[in-house]
Amino acid sequence: MGTSISTQKTIAREGSISGRGLHTGERAVVFLRPAPPHSGIRFYRKGEAVSANRFHEGRQEAQGSLRATSIGLQSNRVQTVEHLLAAFLGLGISNAEVTVEGPEVPGLDGSAADFVKALKELGTVDQSEKEDCWEIPEPLFCHETHKAVCVYPAEEFKVSYILNYDHPYLEFQKAEFTVTPQVFEKEIAPARTFCTEAEAAQLRSRGLGRGATYQNTLVISEKGAVQNEFRFENECARHKVLDLLGDLNLLGFRILGHVVALRSGHSLNQKLVEQIQTKRAGYA
26 MGTSISTQKT
36 IAREGSISGR
46 GLHTGERAVV
56 FLRPAPPHSG
66 IRFYRKGEAV
76 SANRFHEGRQ
86 EAQGSLRATS
96 IGLQSNRVQT
106 VEHLLAAFLG
116 LGISNAEVTV
126 EGPEVPGLDG
136 SAADFVKALK
146 ELGTVDQSEK
156 EDCWEIPEPL
166 FCHETHKAVC
176 VYPAEEFKVS
186 YILNYDHPYL
196 EFQKAEFTVT
206 PQVFEKEIAP
216 ARTFCTEAEA
226 AQLRSRGLGR
236 GATYQNTLVI
246 SEKGAVQNEF
256 RFENECARHK
266 VLDLLGDLNL
276 LGFRILGHVV
286 ALRSGHSLNQ
296 KLVEQIQTKR
306 AGYA
């Protein structure tokens with residue numbers, strides 16, 4: 026990105042994406058429309074705007090629970106928005122209207138690759154207003170037990186992620202990128218969601234992950250991906266970068282800074298988002 030601030034962008038025309046939700050298994054359609062400058066990414070469901078300022082993350086509990094970001098109130102929520110939000114951020118699209126028919130954004134292949142393809146087919150339009158971008162002025166740090174995420178001042182937008190689980194295929198994976206549209210499309214967007222074989226069994230026993238298959242979710246056993254192959258040696262760490270970018274897009278503005286995460290998930294990402302928002306408000 027560099028220190029230069031570009032203009033805002035929106036999509037050039039309307040379009041739609043359909044599929045089943047990874048967690049609910051229900052069919053959903055997402056309608057995408059251009060939006061004027063300073064709109065941000067606006068979600069609508071049931072004829073009403075869905076607030077992205079109050080979002081709830083699926084926390085990973087002992088039994089295994091939904092691990093996805095949802096926005097809005099309990100009466101009108103949209104689940105699993107992070108991959109689509111990451112695609113908007115990664116491609117530099119500032120403004121769009123997103124109308125969701127169904128409880129959840131389609132899971133597609135478990136990555137953001139199909140969202141990127143759809144958005145690129147719609148095209149983008151440069152808008153007259155400058156992009157809202159904030160340079161991180163000082164280090165910000167959030168942590169939980171054995172997890173941490175922080176952001177440091179930098180002249181570009183960079184993300185580093187370290188994945189380290191007690192599993193032979195999930196030990197000490199690292200992914201690090203300076204985020205540009207080209208890097209996002211080729212190196213981050215194709216990384217798919219994942220869980221261990223034990224976690225998959227727990228989800229199924231609770232009637233969850235109803236839309237998950239071995240094709241759209243990397244189920245990882247002691248021998249590797251079940252009925253699938255990794256797209257990257259560190260695909261799981263890359264997917265964590267994808268999730269983090271989606272959560273950061275809930276800020277409502279871009280940042281210049283270096284985000285560094287260790288085993289961070291949606292819950293901790295949310296805390297960093299809130300801390301950045303609070304810090305920026307203090308500088309206003």
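Using our numbering, you'd call the opening residue of the sequence shown number 26 and step up by one each time. For every residue, glycine included, the Cβ atom is placed at its ideal position computed from N, Cα and C.
Between residue i and residue j, is the Cβ-Cβ spacing less than 8 Å?
| i | j | result |
| --- | --- | --- |
| glycine 282 | proline 178 | yes |
| proline 59 | glycine 117 | no |
| leucine 293 | lysine 211 | no |
| aspartate 272 | glutamine 295 | yes |
| glutamate 154 | histidine 63 | yes |
| leucine 47 | glycine 115 | no |
| phenylalanine 166 | cysteine 175 | yes |
| glutamate 254 | proline 193 | no |
| lysine 34 | valine 204 | no |
| isoleucine 42 | valine 55 | yes |
| leucine 342 | alanine 226 | Past the edges of the chain, shown from 26 to 309, lies residue 342, and the structure says nothing about it. |
| threonine 49 | glutamine 104 | yes |
| arginine 38 | leucine 147 | yes |
Is DSSP giving residue i helix, strand or coil here?
| i | result |
| --- | --- |
| histidine 283 | strand |
| alanine 37 | coil |
| glutamate 86 | Note that glutamate 86 scores a pLDDT of 26, beneath 50, so its modelled location is shaky; the value from the coordinates is reported in the next line. Reduced to three states, the DSSP call for glutamate 86 is coil. |
| glutamate 169 | strand |
| isoleucine 42 | strand |
| aspartate 139 | helix |
| serine 185 | strand |
| glutamate 163 | coil |
| isoleucine 213 | helix |
| phenylalanine 113 | helix |
| glutamate 107 | helix |
| valine 208 | helix |
| leucine 233 | coil |
| phenylalanine 80 | Because the pLDDT of phenylalanine 80 is 48, which lies under 50, any placement of that residue in the model is unreliable, and the question is left without a value. |
| glutamate 146 | helix |
| leucine 133 | coil |
| leucine 276 | helix |
| isoleucine 96 | strand |
| asparagine 101 | strand |
| alanine 179 | coil |
| valine 174 | strand |
| threonine 218 | coil |
| methionine 26 | In this prediction, methionine 26 has a pLDDT of 41, which is less than 50 and means its spatial position is unreliable; what the coordinates show is noted afterwards. Coil. |
| threonine 32 | strand |
Which residues mark the beginning and the end of the beta strand (DSSP E) in which residue i is found?
| i | result |
| --- | --- |
| isoleucine 301 | Element bounds for isoleucine 301: not the beta strand (DSSP E) but the alpha helix (DSSP H), 291-308. |
| arginine 70 | 66-70 |
| phenylalanine 257 | Counting along the chain, phenylalanine 257 falls outside any beta strand (DSSP E), and DSSP gives it neither H nor E. |
| leucine 57 | 52-58 |
| arginine 288 | Neither: arginine 288 is in no beta strand (DSSP E) and is coded neither H nor E. |
| leucine 243 | 243-246 |
| alanine 74 | 73-75 |
| valine 125 | 121-126 |
Check the Cβ-Cβ distances between residue i and every residue of chain D, and say whether any is below 8 Å.
| i | result |
| --- | --- |
| serine 100 | This model lacks chain D altogether; it includes just one protein chain. |
Taking residue i as the reference, give the member of the options with the closest Cα.
| i | options | result |
| --- | --- | --- |
| aspartate 288 | Gly115, Thr238, Ile187 | Sequence inspection shows arginine at residue 288; the aspartate mentioned does not correspond to that position. Selected option, being the one with the closest Cα: Ile187. |
| leucine 57 | Arg102, Thr105, Thr124, Leu114 | Thr124 |
| alanine 216 | Glu247, Ala262, Thr149, Leu195 | Ala262 |
| threonine 221 | Arg45, Leu109, Leu243, Thr238 | Leu243 |
| glutamate 51 | Gly234, Gly65, Ala223 | Gly234 |
| glutamate 156 | Ile36, Ala250, Gly65, Lys265 | Gly65 |
| valine 251 | Thr238, Asp151, Asn120 | Thr238 |
| serine 119 | Val285, Ile280, Gly307 | Ile280 |
| alanine 223 | Lys265, Cys167, Asp191 | Asp191 |
| glutamate 107 | Lys304, Ser41, Leu269 | Leu269 |
| valine 75 | Pro128, Glu254, Gly232 | Pro128 |
| tyrosine 308 | Pro162, Asn101, Ser230 | Pro162 |
| lysine 304 | Ala121, Pro164, Val284 | Pro164 |
| arginine 256 | Thr218, Glu39, Gly40, Ala112 | Thr218 |
| alanine 138 | Ala112, Leu195, Glu160 | Ala112 |
| proline 131 | Ser31, Gly232, Gly44 | Gly44 |
| alanine 121 | Gln99, Ala53, Gly40, His168 | Gly40 |
| threonine 94 | Thr170, Glu180, Asn274, Arg38 | Asn274 |
| glycine 249 | Pro61, Glu196, Ala306 | Glu196 |
Can you give me the start and stop residues for the alpha helix (DSSP H) that residue i sits inside?
| i | result |
| --- | --- |
| leucine 195 | Segment: none, leucine 195 is in no alpha helix (DSSP H) and carries neither H nor E. |
| valine 266 | 260-273 |
| glutamine 152 | Glutamine 152 -> not in any alpha helix (DSSP H); beta strand (DSSP E) instead, spanning 149-155. |
| alanine 225 | 222-230 |
Worksheet item: Are the stretch 133-153 and the stretch 64-74 touching by the rule of at least three beta carbon pairs closer than 8 Å?
Response: no
Item to complete: Assess, as a yes-or-no matter, whether the stretch 299-308 is touched by the stretch 190-201 under the definition of 3 or more beta carbon pairs within less than 8 Å.
Response: no
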